[in-house]
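Engineer: A single structure is presented below for examination.
There are 2 protein chains.
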Amino acid sequence: MKSRGLAVKDPKSALEPFEFERRELRDNDVAIEIAYAGICHSDIHQAREEWGPSLYPMVPGHEIVGSVTGLGRAVTKFKVGDLIGVGVFIDSCRTCPSCLKGLQQYCENGNTGTYNGYERDGKTIAFGGYSNNFLIDADFAVHVPKNLDLTGVAPLMCAGITLYSPLKHWKAGKGTKVGIIGLGGLGHMGVKFAKALGADVTVFSHSPNKESDAIAMGADKFVVTKDISALKPLSRTFDLILNTVSAELDISAYLNLLRLDGTLVVIGLPGKPYSVGAGVLLGARRSMAGSQVGGIPEIQEMLDFCGTHNITSDVEVINADYANTAYERTIASDVKYRFVIDARTF
Amino acid sequence: MKSRGLAVKDPKSALEPFEFERRELRDNDVAIEIAYAGICHSDIHQAREEWGPSLYPMVPGHEIVGSVTGLGRAVTKFKVGDLIGVGVFIDSCRTCPSCLKGLQQYCENGNTGTYNGYERDGKTIAFGGYSNNFLIDADFAVHVPKNLDLTGVAPLMCAGITLYSPLKHWKAGKGTKVGIIGLGGLGHMGVKFAKALGADVTVFSHSPNKESDAIAMGADKFVVTKDISALKPLSRTFDLILNTVSAELDISAYLNLLRLDGTLVVIGLPGKPYSVGAGVLLGARRSMAGSQVGGIPEIQEMLDFCGTHNITSDVEVINADYANTAYERTIASDVKYRFVIDARTF
Chain W
195 MKSRGLAVKD
205 PKSALEPFEF
215 ERRELRDNDV
225 AIEIAYAGIC
235 HSDIHQAREE
245 WGPSLYPMVP
255 GHEIVGSVTG
265 LGRAVTKFKV
275 GDLIGVGVFI
285 DSCRTCPSCL
295 KGLQQYCENG
305 NTGTYNGYER
315 DGKTIAFGGY
325 SNNFLIDADF
335 AVHVPKNLDL
345 TGVAPLMCAG
355 ITLYSPLKHW
365 KAGKGTKVGI
375 IGLGGLGHMG
385 VKFAKALGAD
395 VTVFSHSPNK
405 ESDAIAMGAD
415 KFVVTKDISA
425 LKPLSRTFDL
435 ILNTVSAELD
445 ISAYLNLLRL
455 DGTLVVIGLP
465 GKPYSVGAGV
475 LLGARRSMAG
485 SQVGGIPEIQ
495 EMLDFCGTHN
505 ITSDVEVINA
515 DYANTAYERT
525 IASDVKYRFV
535 IDARTF
Chain X
195 MKSRGLAVKD
205 PKSALEPFEF
215 ERRELRDNDV
225 AIEIAYAGIC
235 HSDIHQAREE
245 WGPSLYPMVP
255 GHEIVGSVTG
265 LGRAVTKFKV
275 GDLIGVGVFI
285 DSCRTCPSCL
295 KGLQQYCENG
305 NTGTYNGYER
315 DGKTIAFGGY
325 SNNFLIDADF
335 AVHVPKNLDL
345 TGVAPLMCAG
355 ITLYSPLKHW
365 KAGKGTKVGI
375 IGLGGLGHMG
385 VKFAKALGAD
395 VTVFSHSPNK
405 ESDAIAMGAD
415 KFVVTKDISA
425 LKPLSRTFDL
435 ILNTVSAELD
445 ISAYLNLLRL
455 DGTLVVIGLP
465 GKPYSVGAGV
475 LLGARRSMAG
485 SQVGGIPEIQ
495 EMLDFCGTHN
505 ITSDVEVINA
515 DYANTAYERT
525 IASDVKYRFV
535 IDARTF
């Protein structure tokens, strides 16, 4: 399938227009006309080879929403015209214990990334979502509720599920107190989901000027963390804290905010390891855990939840020719709260 | 009550014979004739002021077993002659959420240590178990099953419950695979409990010569960790790993051994923080948690479990005048597997 989009050709080059060929439609594939593709900070890390060797040319993009334009002959899950979403992986081994539980994000044999690698045949390059179209096995795509503003849907496929999954797994809900560290592309989704789940939500942020946004999104409390001593009075008051910040921070100071049996979940990948004092864990049987995105069944569950609660990401819609500027602004955290590229402009 | 035992007078002095006065028997107190007092590595840390300021003169000892010799007039829980055990705390606030759950080890107002501090009146020095007798509020003492070899019971009160509690909390049992890092005073109790609970047990140890002991205690597998690469083939195979080692180790290499949703529990207090890579947590939704001893109800549950399964600590029984040598041997890990002082020799 002929495609056009944006690609980087090496770690030092900018995104530029790129025409390429996707594979032919297979029996269980759906063909997608992309409407919007989100820009995730991890796109930039991979485009610039900051996370180990990358595969070039690279078409980034793993927050994809669009509509179905074609079906392989075995597909029954979708029909032409359906709204459809694609996230950070497009396949997995399908046989390991994680995959059998629908937790393909933890595939023991490694799932297949949406870009920056090969498909499971080991030779077809997986090109991502900064493109006018896409092809995916129907088992790895999800239905998008019709009532949502489509511009804010693409980021749900990565930023959204990355927050939704740990909130559900660690049982955020009525009567629980949840903290979200960082109000960016990830954090703002955490606030919306935690609130919709019924939790009491506190945002921890370095930026005092984000308070009004946080409250508007549903936060009950906003704590400015420029001075880390602001945390002390909150000792032993949280059930669950999600750290969306990849910059180095004093993680023990946040662990200390957890109640008995509370959990702090890290969802970013900072360059340095965390420094974790044993004492703060022992003091209240606290846990520090990690979580990444969600499996296909949970992504569908999240989208249905979004449909019910009318939740989307706050986005700035841009044209393809703005993508390089958007990269710089994403690095500078100068975006409210996620860029999505209008796919008609590729 | 007149008492004699061993005390240190300052951080640099050795244990020496000490005569002192315990408080009078209160209404809810039991008086105890001590039979055996265990030596815990934490006694040494506190005697030598390695964990912050200590209170001198200090009578260490928080692994106590003996028999009841006297009762306050309100006591119904014990009768004279009962076997009785005392652990690492002798009181707590009794009103915070943790205490109300019987989890006095996590008392939010701080529980009262068995020694090296004041009782809750803020003025009565708490003298520990290296002594011929003891006084304690009956609510904070437990019954010891009669069928157990009493020499190996004292260490259950600290080393024992420190392992039993996390094994129970994180559901070690039939069908689960448990790893115990370190085969010392703590670790050997972990092996016995995990096995009795029905788990498959692997010991990780630097000391190849401990293998036969580990197997005799019930371990299914013994992994020598001098070369950390020995861990690699075990990636993603454990549900629960307990780290009993306070020396620095590559904790991420052990976290990597956990299956999806597995937990590594730290129960020692190393001098340095752990260095924890986020990636290993994210890769399989792993957790790192902390746990300390257990509450009074769980200590009783553990002793009953020990009675049923005939579990005690492996000990070397010593006389009081050997205690300073025992300290040096404990530091050198030259003990199989816990020293207990025969209280008749004080």
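So the protein lines, in turn, are chains W and X. Per our numbering, the very first residue in the first sequence carries number 195; after that it's consecutive. Per our numbering, the very first residue in the second sequence carries number 195; after that it's consecutive. Every residue, glycine too, gets a C-beta built ideally from N, C-alpha and C. All figures in this text were calculated on a predicted structure; none of them were measured in a lab.
Tell me, to the nearest whole angstrom, how far the beta carbon of A283(W) is from that of N305(W); I am working on the premise that it is less than 8 Å.
Structural biologist: Note on identity: in this sequence residue 283(W) is Phe, with Ala being the wrong assignment. Contact flag correct, Cβ pair sits at about 4 Å.
Engineer: Could you give the DSSP three-state label for V474(X): helix, strand or coil?
Structural biologist: V474(X): helix per DSSP, three-state reduction.
Engineer: When the distance is taken between beta carbons, is S481(W) closer than 8 Å to S481(X)?
Structural biologist: In this structure, S481(W) lies closer than 8 Å to S481(X) by Cβ.
Engineer: Would DSSP call N403(X) helix, strand or coil?
Structural biologist: If DSSP states are grouped into helix, strand and coil, N403(X) belongs with the helices.
Engineer: Taking its Cβ as the centre, do 16 or more other Cβ atoms sit within 10 Å of T539(X), making it buried, or is it exposed?
Structural biologist: Per the 10 Å Cβ criterion, exposed.
Engineer: Under 8 Å, do A231(X) and Y300(X) count as touching if we go by C-beta distance?
Structural biologist: Cβ atoms of A231(X) and Y300(X): not closer than 8 Å.
Engineer: For a contact defined as C-beta to C-beta under 9 Å, what are the partners of A520(X) on chain W?
Structural biologist: What A520(X) touches in chain W: nothing, since even the nearest Cβ is about 25 Å away.
Engineer: Could you pull out every unbroken alpha helix (DSSP H) segment of at least 4 residues lying fully inside the stretch 279-325 of chain X, listed in chain order?
Structural biologist: Complete alpha helix (DSSP H) runs here, min 4: 291-294.
Engineer: Pick from P254(X), T506(X), I535(X) and L475(X): whose alpha carbon is nearest that of P360(W)?
Structural biologist: The residue with the shortest Cα to Cα distance from P360(W) is L475(X).
Engineer: For a contact meaning CB atoms closer than 7 Å, what does Y468(X) contact in chain W?
Structural biologist: Residues of chain W passing the Cβ test: V470 and A472.
Engineer: Could you tell me which chain W residues have their CB closer than 9 Å to the CB of S485(X), listed as they occur along the chain?
Structural biologist: Those are L475, L476 and R479, listed as they occur along chain W.
Engineer: Quick check: is the beta carbon of S248(W) nearer than 8 Å to any beta carbon in chain X?
Structural biologist: So no, S248(W) is outside the interface.
Engineer: Chain W beta carbons: is any one of them nearer than 8 Å to that of P427(X)?
Structural biologist: It does not: the Cβ of P427(X) has no partner Cβ on chain W nearer than 8 Å.
Engineer: Which residues in chain W have a C-beta closer than 9 Å to the C-beta of L454(X)? List them in chain order.
Structural biologist: Under the 9 Å cutoff, chain W gives P291, S292, K295, L297, Y300 and E302.
Engineer: Using a beta-carbon distance below 8 Å, is P491(X) in contact with chain W?
Structural biologist: Chain W, which has no Cβ nearer than 8 Å to the Cβ of P491(X), makes this no.
Engineer: Going by DSSP, name the residue or residues bridged to D223(W).
Structural biologist: Answer is D331(W).
Engineer: Assuming A520(W) contacts I233(W) (C-beta within less than 8 Å), just tell me the rounded distance between them.
Structural biologist: Between I233(W) and A520(W) the Cβ distance is about 6 Å, and since that is below 8 Å, they are a contact.
Engineer: With 8 Å as the threshold, decide whether the Cβ of I462(X) is near any Cβ in chain W.
Structural biologist: Per the sequence shown, residue 462(X) should be read as Gly rather than Ile. It does: the Cβ of G462(X) has a partner Cβ on chain W nearer than 8 Å.
Engineer: Enumerated in chain order, which unbroken segments of the beta strand (DSSP E) with a length of 3 residues or greater are wholly contained in the stretch 368-429 of chain W?
Structural biologist: DSSP runs (the beta strand (DSSP E)) wholly in the stretch 368-429 of chain W: 371-375, 394-399 and 415-418.
Engineer: I'd like to know whether the C-beta of R430(X) is nearer than 8 Å to at least one C-beta of chain W.
Structural biologist: It does: the Cβ of R430(X) has a partner Cβ on chain W nearer than 8 Å.
Engineer: Confirm, please, whether the CB-CB distance from M252(W) to N310(W) is below 8 Å.
Structural biologist: Result yes, Cβ atoms of N310(W) and M252(W) sit closer than 8 Å.
Engineer: Output needed for M195(W): all residues of its chain with C-beta closer than 8 Å, excluding positions within five of it in sequence on either side, in chain order.
Structural biologist: Answer for M195(W): E215, R216, R217, E218, L219, A225, N327 and L329, listed in chain order.
Engineer: For a test of the three-state rule: what should DSSP assign to H337(W), helix, strand or coil?
Structural biologist: Of the three classes helix, strand and coil, the one that applies to H337(W) here is strand, per DSSP.
Engineer: How is the beta strand (DSSP E) around F432(X) delimited, first residue to last?
Structural biologist: Segment F432 to N437, the beta strand (DSSP E) holding F432(X).
Engineer: Classify W245(X) as buried or exposed, calling it buried when 16 or more other Cβ atoms lie within 10 Å of its own Cβ.
Structural biologist: The residue is exposed, with fewer than 16 neighbouring Cβ atoms inside 10 Å.
Engineer: Is the stretch 481-495 of chain W close to the stretch 508-515 of chain W, with three or more CB pairs under 8 Å?
Structural biologist: Because the criterion of three Cβ pairs below 8 Å is not met, the stretch 481-495 of chain W and the stretch 508-515 of chain W do not touch.
Engineer: So D221(W) and G281(W) are in contact, right, with Cβ under 8 Å, and what is the actual spacing, rounded?
Structural biologist: The pair is not a contact, with the Cβ atoms about 22 Å apart (cut-off 8 Å).
Engineer: With K196(W) as the anchor, note down where its beta strand (DSSP E) starts and where it stops.
Structural biologist: K196 to A201 is the span of the beta strand (DSSP E), which, as asked, contains K196(W).
Engineer: Hey, is the stretch 266-278 of chain X in contact with the stretch 195-215 of chain X, meaning 3+ C-beta pairs nearer than 8 Å?
Structural biologist: With a cut-off of 8 Å, the stretch 195-215 of chain X and the stretch 266-278 of chain X do not count as touching, because too few Cβ pairs lie within range.
Engineer: Would you please verify whether the beta carbon of M482(X) is less than 8 Å from any beta carbon of chain W?
Structural biologist: It does: the Cβ of M482(X) has a partner Cβ on chain W nearer than 8 Å.
Engineer: What does the Cβ neighbour count give for A526(X), buried or exposed, with the cut at 16 atoms within 10 Å?
Structural biologist: Flag for A526(X) reads exposed.
Engineer: Whole angstroms are fine: how far does the CA of L294(X) sit from the CA of P541(X)?
Structural biologist: Because chain X here runs from 195 to 540, residue 541(X) falls outside it and cannot be looked at.
Engineer: By a C-beta neighbour count over all protein chains shown, 10 Å radius and 16 as the cutoff for buried, is A545(W) buried or exposed?
Structural biologist: Given that chain W is displayed from residue 195 to residue 540, the structure contains no residue 545(W) and the question cannot be resolved.
Engineer: Hey, is the stretch 456-467 of chain X in contact with the stretch 433-447 of chain X, meaning 3+ C-beta pairs nearer than 8 Å?
Structural biologist: Touching, per the Cβ criterion.
Engineer: Looking at G199(X): is its Cβ nearer than 8 Å to the Cβ of L497(X)?
Structural biologist: For G199(X) and L497(X), no; Cβs fall outside 8 Å.
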